[in-house]
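Heads up: the sequence shown at position 91 corresponds to 91 in full-length UniProt numbering, and the numbers run straight through without jumps.
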Amino acid sequence: MEACREAASWLQPLRVAVNVSAAQFRRDNLDAHVRKALRESGLPASLLELEITEGVLIEDIARAKRTIQSLKALGIQMALDDFGTGYSSLSYLEAFPLDRIKIDRSFVAALGHSERSLAIVRAVIGLAHGLGVPVLAEGIETEAQMSLLLQEGCDEMQGYLIGRPRSLAAQASPTSAPEPELEEAS
Numbered sequence: 001m002e003a004c005r006e007a008a009s010w011l012q013p014l015r016v017a018v019n020v021s022a023a024q025f026r027r028d029n030l031d032a033h034v035r036k037a038l039r040e041s042g043l044p045a046s047l048l049e050l051e052i053t054e055g056v057l058i059e060d061i062a063r064a065k066r067t068i069q070s071l072k073a074l075g076i077q078m079a080l081d082d083f084g085t086g087y088s089s090l091s092y093l094e095a096f097p098l099d100r101i102k103i104d105r106s107f108v109a110a111l112g113h114s115e116r117s118l119a120i121v122r123a124v125i126g127l128a129h130g131l132g133v134p135v136l137a138e139g140i141e142t143e144a145q146m147s148l149l150l151q152e153g154c155d156e157m158q159g160y161l162i163g164r165p166r167s168l169a170a171q172a173s174p175t176s177a178p179e180p181e182l183e184e185a186s
């Protein structure tokens, strides 16, 4: 995995999140592939987070659970990406050992305009926290969105307001402009 190799070369230890497609997740040897990538890159497993969507979980629940458990046994983190846009089931949150839930940008975009979106965001944050799982909100573009999410107890945020996407090369370059630092929500 190129992402592991690049992240291992960074000057600061930063978590790298990698999206895993349904086809990749179905591979019988995904854990071996990840183990090899970690070994060859030197990236500590604790700095790698694999992101999967809800659709991946419903194809074969027993297999998905085994795959997640084998990946977590390597020491990596697992995140449920785009939560609320797929085949959401609260039983997934209980059944799978997830380290992070990512609220989809479609709910964030409507914050401040839709009471229903706010209610959904509030419920997801409360539910995740009740299960001991931190929440990351995607697509933060305005101060108002960030303020509402902080008020609701969102743990982490990403989006254009916080920092534009950067290539791995730009991230690793000592001459590239630093991203603004934000404190983690308390």
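Beta carbons are placed, not taken as given, at the ideal position from N, Cα and C, and that holds for glycine.
Just so it is clear, the structure is predicted and the values come from calculations on it, not from any experiment.
Item: Does the separation of the CB atoms of Q77 and D99 fall below 8 Å?; Value: yes
Item: Give me the Cα-Cα distance between L50 and S106, rounded to the nearest whole angstrom.; Value: 21 Å
Item: Taking the alpha carbon of F96 as the point to measure from, which residue in A64, N19 and D82 has its own alpha carbon closest?; Value: A64
Item: Going by the CB atoms, is the gap between E143 and V121 shorter than 8 Å?; Value: no
Item: Buried or exposed for A128, please, with buried defined as at least 16 other CB atoms from any protein chain shown within 10 angstroms of its CB.; Value: buried
Item: Please name the residue in V135, V108 and L150 whose C-alpha comes closest to that of E141.; Value: V108
Item: Quick check: what's the CA-CA separation for G86 versus L47?; Value: 27 Å
Item: Just to confirm, are T67 and L93 a CB contact at a threshold of 8 Å?; Value: no
Item: Spatial neighbours of A137 within its chain, please: C-beta separation below 6 Å, excluding the five flanking residues on both sides.; Value: I103, V108, L149, C154 and M157
Item: According to DSSP, what are the bridge partners of E49?; Value: A17 and Q77
Item: Spatial neighbours of V34 within its chain, please: CB distance less than 8 Å, with the 5 preceding and 5 following residues excluded, ordered by chain position.; Value: M1, L48, L50, L71, L74 and I76
Item: Nearest by alpha-carbon distance to P13: which of A45, A62 and G159 is it?; Value: A45
Item: Which runs of the beta strand (DSSP E), 3 residues or longer, sit entirely within the stretch 109–160?; Value: 135–137
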